[in-house]
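Residue numbers (the numbering used here): -10 to 272. The structure appears below as C-alpha cells.
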C-alpha cells in the first residue's frame, strides 16, 4: 500500500479501512472477527450510520475534510444559481423578465464550522460577502466576520441572503431547519443544503417555497433520498435539486485514497491520525 501497510486477513489486522457508507451490520460483524483492531477508517465525513459502533477500545477516523473543497465549490455554485434566478430560467420555455441579486457584498450564514465551511470561506473572499458562521464551539475562523455558537442559530437567519447548511448530522441537528427557522429568513433568501437531507423538515420546506416565505432552496441532499419522482419539490420553480453530487466518484476516490495512504503511514509511525471521530459529539 502507498502508506506502507500490508493487507492481511481481518482476524490478524491491526487496522481496518472500511469502504461502504451504510453497511453497519457488516462492519459490526467485521469488528467481532478482528479482536486486535486498533484503528478503523470510515469512508465519509458523515458517520451517522456507524456512530453507534464507535468505542474507546480503538481509534476511529472518517473522511472529515477529505471532500471539503468539491462540496464547498458546489455550495458556491448553488448559491449563485439561486440568487441569480437560474432555477426559473432553466425551466423557462420563453424569454423571461430579469430577476436576481448579487452574491457580491451579500450576507451569508454558514451553519457548520468544519472543512466545508473553511473551504467555502476561502471561495467567498472575492465576493466581499459578510459571513457569519454558526458552529458548536465558537472560535475565530479565517474569513468569517462573526462566529456564533449553535444555540444562536436564530440570530444568524434574519438578514442573511444565503444560508448554507454544512454540518454533521447528529441528534441535535436532525430537523434543525423547520418552519420556525424558515419564517425567520428573508423573503428573497436562499437555503443551500450540502450536508444531510434530514437537517431540513421537508414538508415545512415545501410550504415555505410554495408560499414564497423564502426566495428558494438549492438542495444537494434531501429527505427522503433519493427524492421520489413525484415529489412536489421537483416541480417548484424556486427549487434546485442535484443528486448528492457535492462529491462524485471522479472527485472523491483520489481524495479518499490520499487520506487513507496518509493515515496508514501515520498509524505505522505512531503519529496522530487525520479526521478523528468524536464518539461523544457523534462526528
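Every residue gets a Cβ at the ideal spot worked out from N, C-alpha and C, and that includes glycine. Just so it is clear, the structure is predicted and the values come from calculations on it, not from any experiment.
Three-state secondary structure assigned by DSSP to residue i
i, result
"residue 234", "coil"
"residue 77", "helix"
"residue 229", "strand"
"residue 265", "strand"
"residue 82", "coil"
"residue 87", "coil"
"residue 247", "helix"
"residue 239", "helix"
"residue 221", "helix"
"residue 67", "helix"
"residue -8", "coil"
"residue 271", "coil"
"residue 62", "helix"
"residue 216", "coil"
"residue 259", "coil"
Identity of the residue in the options nearest residue i by Cα
i, options, result
"residue 173", "262, 268 and 142", "142"
"residue 210", "82, 204, 154 and 46", "154"
"residue 237", "5, 56 and 22", "56"
"residue 160", "234, 270, 242 and 148", "270"
"residue 112", "58, 203 and 152", "58"
"residue 204", "219, 224, 213 and 179", "179"
"residue 34", "152, 244, 79 and 75", "244"
"residue 186", "231, 224 and 73", "231"
"residue 22", "32, -3 and 165", "-3"
"residue 216", "1, 191, 106 and 256", "191"
"residue 177", "43, 24 and 68", "68"
"residue 101", "126, 29 and 82", "126"
"residue 80", "254, 253, 223 and 239", "223"
"residue 16", "42, 1 and 25", "42"
"residue 74", "229, 106, 98 and 164", "229"
"residue 78", "181, 240 and 225", "225"
"residue 234", "253, 214 and 248", "214"
"residue 25", "32, 45 and 0", "0"
"residue 182", "218, 148 and 98", "98"
"residue 147", "258, 30 and 170", "170"
"residue 199", "168, 82 and 218", "168"
Rounded Cβ spacing between residue i and residue j (contact assumed at less than 8 angstroms)
i, j, result
"residue 108", "residue 123", "Going by Cβ atoms, the distance from residue 108 to residue 123 rounds to 17 angstroms, so no, they are not a contact pair."
"residue 90", "residue 150", "7 angstroms"
"residue 221", "residue 49", "The pair is not a contact, with the Cβ atoms about 39 angstroms apart (cut-off 8 angstroms)."
"residue 130", "residue 110", "6 angstroms"
"residue 207", "residue 71", "5 angstroms"
"residue 250", "residue -8", "4 angstroms"
"residue 53", "residue -6", "Not a contact, Cβ separation roughly 20 angstroms."
"residue 18", "residue 3", "The Cβ separation is near 18 angstroms, so there is no contact."
"residue 133", "residue 227", "With a Cβ gap of about 28 angstroms, residue 133 and residue 227 do not count as contacting."
"residue 268", "residue 44", "7 angstroms"
"residue 51", "residue 20", "Not confirmed; about 16 angstroms, so no contact."
"residue 29", "residue 47", "6 angstroms"
At 4 residues or longer, and completely inside the stretch 92 to 146: list those alpha helix (DSSP H) runs for me, N to C. If we require 4 residues or more, the alpha helix (DSSP H) runs fully inside the stretch 92 to 146 come out as 104 to 113 and 142 to 145.
What are the uninterrupted segments assigned as alpha helix (DSSP H) that are 4 or more residues long and contained completely in the stretch 147 to 212, given in chain order? For the stretch 147 to 212, whole alpha helix (DSSP H) runs of length 4 or above, ordered along the chain, are 168 to 171 and 191 to 199.
Ranges of the beta strand (DSSP E) found wholly within the stretch -5 to 60, counting only runs of at least 3: Correct list: 4 to 6, 28 to 30 and 48 to 50.
Three CB pairs or more closer than 8 angstroms across the stretch 107 to 123 and the stretch 86 to 95: They touch, by the three-pair rule.
Counting Cβ pairs closer than 8 angstroms, one from the stretch 190 to 198 and one from the stretch 130 to 145, do we hit at least three? Fewer than three pairs of CB atoms, one per stretch, sit closer than 8 angstroms, so the stretch 190 to 198 makes no contact with the stretch 130 to 145.
Can we say the stretch 73 to 88 touches the stretch 55 to 64, given the rule of at least three CB pairs closer than 8 angstroms? Between the stretch 73 to 88 and the stretch 55 to 64, the count of C-beta pairs closer than 8 angstroms stays below three; the two stretches do not touch.
Indicate whether the contact test is met: 3 or more Cβ pairs, each with one atom in the stretch 8 to 17 and one in the stretch 31 to 47, closer than 8 angstroms. Result yes; three or more Cβ-Cβ pairs closer than 8 angstroms.
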